[in-house]
Amino acid sequence: MTGVNGGDREERAKEALIVSALRRDDHPDEQVDVDRLPKLTEEEERALESFAANFIERLMAGEMDLALRHRTNEQRERPDSEPAAAAGAAGFGLDRAEEIDEETKAELEEQRKKIVERKEGEKEADGEADRA
Amino acid sequence: MPTEQLPTQEEMEYLLRDDPRDFIAALHEYFTKVLARYIKRWSWGVLDPHELADACQETLLGIWERVQEPGFDPECPLRMVYGIARNIAVTMRRRKLGRRVRANQEAVVNAVAADLSGTTVGLEWRLLLPEERREFQQAVEEIIACLPERQRMAAQAFAETYEELRERDKYRLLAAAMSAISGKMEDVATVKSAWRFARETIQEKLAQRGFGFMKGKDR
Chain A
-7 MTGVNGGDRE ERAKEALIVS ALRRDDHPDE QVDVDRLPKL TEEEERALES
43 FAANFIERLM AGEMDLALRH RTNEQRERPD SEPAAAAGAA GFGLDRAEEI
93 DEETKAELEE QRKKIVERKE GEKEADGEAD RA
Chain B
4 MPTEQLPTQE EMEYLLRDDP RDFIAALHEY FTKVLARYIK RWSWGVLDPH
54 ELADACQETL LGIWERVQEP GFDPECPLRM VYGIARNIAV TMRRRKLGRR
104 VRANQEAVVN AVAADLSGTT VGLEWRLLLP EERREFQQAV EEIIACLPER
154 QRMAAQAFAE TYEELRERDK YRLLAAAMSA ISGKMEDVAT VKSAWRFARE
204 TIQEKLAQRG FGFMKGKDR
């Protein structure tokens, strides 16, 4: 990481977490929390209604447009070339073993202890607040 | 329709085993809007209303073709449904942003790993519980969806070009992706500035939601 100082590295790490949240490629959902999905605009609702009319009848009658069919086959393929196992929430480079020098390792160990202590303190405070 | 009023996975599986036509009809009746919203989520809201409707139609068509394939396994059909919807959404999003449909996912993974390596932020992430990680990811999506339009577009352009930006450090890629979203020529300086504002807002809002380690260095 030549040319990138400590503060910038932390900022780049934050950017990486933002990107990985958007471009994650984990297993498809089985249940979706509908309340947390983006809402449709009135225009989008109208566009949906116009396609929805007679859709099933046309589908069953085999009347779907051939061009659309070809497009669908192409689009249905995984858009990303690597298998999901390469990515996923846990495997998205987010938990990869670190290749770092001894000095950085020691600094990180120190940081890790501080974070763990802070989290334990937070938990205790939460517990006390619940009891109060 | 609230989640609890939608047919369950088991009910959908029963329909599928009984008659795929009933399954697709139920999907169409109960899930069209859910699928549209799910596609909107994975396409980051960059599709116009007609493209979104096209994506829904193609999803249902794709599902119909999939369930008719010989040897198709009808167990847990909603996983297949959302999988097809997501693939179509991502494909259409990448096309819309002028990107190759097939991203080099390994390059993204490597860039993320390199950025996190040896940082306190990376350490904070690894110490999060699985549900906290899911909450983080959901929060990022929600915060970006609520950003002012230019900032939202810049964030989307940055996310879509990230691995190449890290590899080549050429911000004209970011400007090109932003141009594809906004529909007009964007210059590098303006787009970089929009991304900087977007990033600061995202970090600040994540910090407010309990992810304090995301707070910007200047705040």
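Just so you know, the sequences run in chain order A and B. Under my numbering, the residues of the first sequence are numbered -7 to 124, in order. Under my numbering, the residues of the second sequence are numbered 4 to 222, in order. From the three backbone atoms N, C-alpha and C, an ideal C-beta is built for every residue, glycine too.
Between residue i and chain B, is the shortest Cβ-Cβ distance under 8 Å, so that the two count as touching?
{"i": "D17/A", "result": "yes"}
{"i": "D21/A", "result": "yes"}
{"i": "R50/A", "result": "no"}
{"i": "A81/A", "result": "Reliability of the predicted coordinates at A81/A is poor, the pLDDT of 44 falling under 50, and the value obtained from them is presented with this limitation in mind. Chain B contact via Cβ: present."}
{"i": "A53/A", "result": "no"}
{"i": "A5/A", "result": "yes"}
{"i": "E36/A", "result": "yes"}
{"i": "A117/A", "result": "no"}
{"i": "A13/A", "result": "yes"}
{"i": "K111/A", "result": "yes"}
{"i": "E94/A", "result": "no"}
{"i": "L58/A", "result": "Below a pLDDT of 50, predicted positions are generally treated as unreliable, and L58/A, at 45, falls in that range; the measurement from the model is reported next regardless. Taking Cβ atoms only, chain B never reaches closer than 8 Å to L58/A, which makes this a no."}
{"i": "A8/A", "result": "yes"}
{"i": "Q103/A", "result": "yes"}
In terms of alpha-carbon separation, which member of the options lies closest to residue i?
{"i": "W47/B", "options": "E207/B, I147/B, R199/B", "result": "I147/B"}
{"i": "A5/A", "options": "V112/B, L55/B, L38/B", "result": "V112/B"}
{"i": "E3/A", "options": "R98/B, Q206/B, F214/B", "result": "Q206/B"}
{"i": "E49/A", "options": "A58/B, E54/B, W67/B", "result": "W67/B"}
{"i": "Y85/B", "options": "A8/A, D93/A, Q23/A", "result": "Q23/A"}
{"i": "F2/B", "options": "G125/B, A117/B, T62/B", "result": "With chain B covering 4 to 222 only, the question about residue 2/B has no answer from this structure."}
{"i": "R171/B", "options": "A110/B, H31/B, A28/B, D51/B", "result": "A110/B"}
{"i": "V194/B", "options": "P80/B, A58/B, Q154/B, K218/B", "result": "Q154/B"}
{"i": "R129/B", "options": "L32/A, E99/A, L9/A, T33/A", "result": "L9/A"}
{"i": "L131/B", "options": "G215/B, A192/B, M156/B", "result": "G215/B"}
{"i": "R96/B", "options": "E54/B, E145/B, S196/B, E78/B", "result": "E54/B"}
{"i": "R1/A", "options": "T122/B, C79/B, V37/B, F75/B", "result": "T122/B"}
{"i": "E144/B", "options": "K208/B, L64/B, R20/B", "result": "K208/B"}
{"i": "E152/B", "options": "R103/B, A192/B, R105/B, W198/B", "result": "W198/B"}
{"i": "D25/B", "options": "E7/A, A98/A, K31/A, M52/A", "result": "M52/A"}
{"i": "G74/B", "options": "E203/B, E32/B, A192/B, R20/B", "result": "R20/B"}
{"i": "N46/A", "options": "E78/B, H31/B, P77/B", "result": "H31/B"}
{"i": "D21/A", "options": "I87/B, E16/B, E138/B, E203/B", "result": "I87/B"}
{"i": "E127/B", "options": "A117/A, E102/A, A44/A, G119/A", "result": "E102/A"}
{"i": "D25/A", "options": "R137/B, S196/B, A192/B", "result": "R137/B"}
{"i": "S196/B", "options": "M156/B, R102/B, N107/B", "result": "M156/B"}
Return no unless some Cβ of chain A is closer than 8 Å to the Cβ of residue i.
{"i": "V49/B", "result": "no"}
{"i": "R40/B", "result": "yes"}
{"i": "F139/B", "result": "yes"}
{"i": "A235/B", "result": "In the structure as shown, chain B starts at 4 and stops at 222, and residue 235/B therefore has no counterpart that could be examined."}
{"i": "M247/B", "result": "Here chain B comprises residues numbered 4 to 222, so residue 247/B is not present and cannot be evaluated."}
{"i": "D21/B", "result": "no"}
{"i": "V194/B", "result": "no"}
{"i": "Y85/B", "result": "yes"}
{"i": "A28/B", "result": "yes"}
{"i": "E223/B", "result": "This structure does not reach residue 223/B, given that chain B is present from 4 up to 222, and the question cannot be answered."}
{"i": "Q206/B", "result": "yes"}
{"i": "G121/B", "result": "yes"}
{"i": "G125/B", "result": "yes"}
{"i": "A210/B", "result": "no"}
Since residue i and residue j are thought to touch, with beta carbons under 8 Å apart, how far apart are those beta carbons, to the nearest angstrom?
{"i": "Y41/B", "j": "L29/A", "result": "6 Å"}
{"i": "S42/A", "j": "A56/B", "result": "7 Å"}
{"i": "A201/B", "j": "L150/B", "result": "6 Å"}
{"i": "P52/B", "j": "E35/A", "result": "4 Å"}
{"i": "L100/A", "j": "K36/B", "result": "Not really, about 47 Å apart at Cβ, beyond 8 Å."}
Leaving out five residues on either side along the sequence, give the residues of the same chain with a beta carbon under 8 Å from the beta carbon of residue i.
{"i": "L100/B", "result": "V49, Q159, A160, E163, A180, A183, I184"}
{"i": "L168/B", "result": "F161, Y174, L176, L177"}
{"i": "P77/B", "result": "E16, L19, R20, V70"}
Is any heavy atom of the ligand COA found at a distance shorter than 7 Å from the C-beta of residue i?
{"i": "I27/B", "result": "Absence of the ligand COA is noted for the structure shown, with no ligands found whatsoever."}
Take residue i and list the residues in its own chain whose beta-carbon comes closer than 6 Å to its own, dropping the five residues that flank it on each side.
{"i": "R212/B", "result": "A142"}
{"i": "L119/B", "result": "G125"}
{"i": "T166/B", "result": "Per the sequence shown, residue 166/B should be read as Glu rather than Thr. Closer than 6 Å at Cβ, skipping near neighbours: A110, V111, A114."}
{"i": "R105/B", "result": "none"}
{"i": "E14/B", "result": "none"}
If you count every other CB in all the chains shown that lies within 10 Å of the CB of residue i, and 16 or more means buried, which is it?
{"i": "R44/B", "result": "buried"}
{"i": "V115/B", "result": "buried"}
{"i": "K105/A", "result": "exposed"}
{"i": "G125/B", "result": "buried"}
{"i": "A109/A", "result": "Checking the displayed sequence, the identity of residue 109/A turns out to be Glu instead of Ala. E109/A is exposed by the Cβ-count criterion."}
{"i": "D17/A", "result": "buried"}
{"i": "T11/B", "result": "exposed"}
{"i": "G65/B", "result": "buried"}
{"i": "A98/A", "result": "exposed"}
{"i": "T204/B", "result": "buried"}
{"i": "E125/A", "result": "Limits of chain A in this structure are -7 at one end and 124 at the other, which puts residue 125/A out of reach."}
{"i": "T125/A", "result": "There is no way to answer for residue 125/A, as the model of chain A reaches only from -7 to 124."}
Kindly list the residues whose CB is nearer than 7 Å to the CB of residue i, restricted to its own chain and excluding five residues on each side of it in sequence; keep chain order.
{"i": "D190/B", "result": "A178"}
{"i": "R82/B", "result": "none"}
{"i": "P23/B", "result": "V70, Q71"}
{"i": "A210/B", "result": "M217, K218"}
{"i": "A39/B", "result": "L55, C59"}
For a cutoff of 8 Å on Cβ pairs, would you count residue i as touching chain E?
{"i": "K36/B", "result": "The chain labelled as chain E is not found among the protein chains of the depicted structure, namely A and B."}
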